[in-house]
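In UniProt numbering, the protein residues as written are 1 to 204. We put the beta carbon where it would ideally sit given N, CA and C, even for glycine. Here the structure is laid out as structure tokens; the discussion comes afterwards.
Here it is in structure tokens:
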């Protein structure tokens with residue numbers, strides 16, 4: 001399966017890494033010259049993982065075996081020739097985060113701030129919904145998007161938009177600690193997908 005460069009869990013140095021099938025799981029295995037072999041579950045559904053890989057590698061407009069529809073359905077109206085399309089509109093709500101993971105790609109941390117005003121987020125959303133773009137996915141990101149003081153209003157705006165799917169990228173802290181928050185999100189239904197993203201099971 002795929003191979004590349006990973007990050008050692010202990011010293012955070014770049015190390016050889018590869019994906020390996022173990023039963024119905026896909027595991028990420030890394031080998032550090034100092035700290036040895038490290039392994040973690042990358043996916044718990046091999047069939048779904050392989051389908052996602054096929055979708056990612058196929059040309060726009062090409063049917064993928066096992067999928068419900070050809071990839072052409074993902075293309076926006078402005079790119080019917082299949083040359084390119086906008087796969088997702090990412091709305092970065094803030095830079096603030098309640099964690100300080102050393103490998104954070106966004107370099108977010110407590111006190112980072114840069115919280116976008118509601119009006120700015122609304123303009124970003126409207127721009128993504130123009131007829132020339134119309135992406136199939138709106139992604140709420142950050143920082144930690146659930147920390148935005150007006151997150152519920154922003155989520156409501158996105159739900160009312162034309163986007164067929166909504167991705168929420170979160171570290172899950174608010175989901176775990178705030179009673180009722182998961183229920184608030186659940187009423188949105190299958191349009192909402194929650195992606196848990198954090199870089200360690202140890203406090204940082």
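Of the other Cβ atoms in all chains shown, 16 or more fall within 10 Å of the Cβ of residue 6; this residue is therefore buried. Annotation: residue 166 is outside any alpha helix (DSSP H); the continuous beta strand (DSSP E) that includes it extends over 165 to 170. Each of 189, 141, 147, 95 was checked against the Cα of residue 175, and the nearest Cα belongs to 147. Proximity to residue 197 across 94, 142, 151, 156 peaks at 142, based on C-alpha coordinates.
Per DSSP, residue 24 lies in no beta strand (DSSP E) segment and is marked neither H nor E. For residue 119, the closest of 11, 151, 20 by C-alpha to C-alpha distance is 151.
Between the region 33 to 52 and the region 101 to 108, the count of C-beta pairs closer than 8 angstroms stays below three; the two stretches do not touch.
One Cα belongs to residue 39, the other to residue 195, and the distance between them is close to 21 angstroms. The DSSP-derived three-state label of residue 4 is strand. Look at residue 31 here: in three-state DSSP terms it is strand.
Annotation: the continuous beta strand (DSSP E) that includes residue 36 extends over 36 to 43. In this structure, residue 124 lies near residue 91, with their beta-carbon atoms less than 8 angstroms apart.
For residue 141, the enclosing beta strand (DSSP E) begins and ends at 137 to 141. As the crow flies, the alpha-carbon of residue 8 is around 32 angstroms from that of residue 138. 8 angstroms or more divides the Cβ of residue 41 from the Cβ of residue 20. For residue 116, the number of other beta carbons within 10 angstroms of its own is at least 16, and it is reported as buried. With respect to the C-alpha of residue 168, the residue from 17, 155, 162, 135 having the closest C-alpha is 155.
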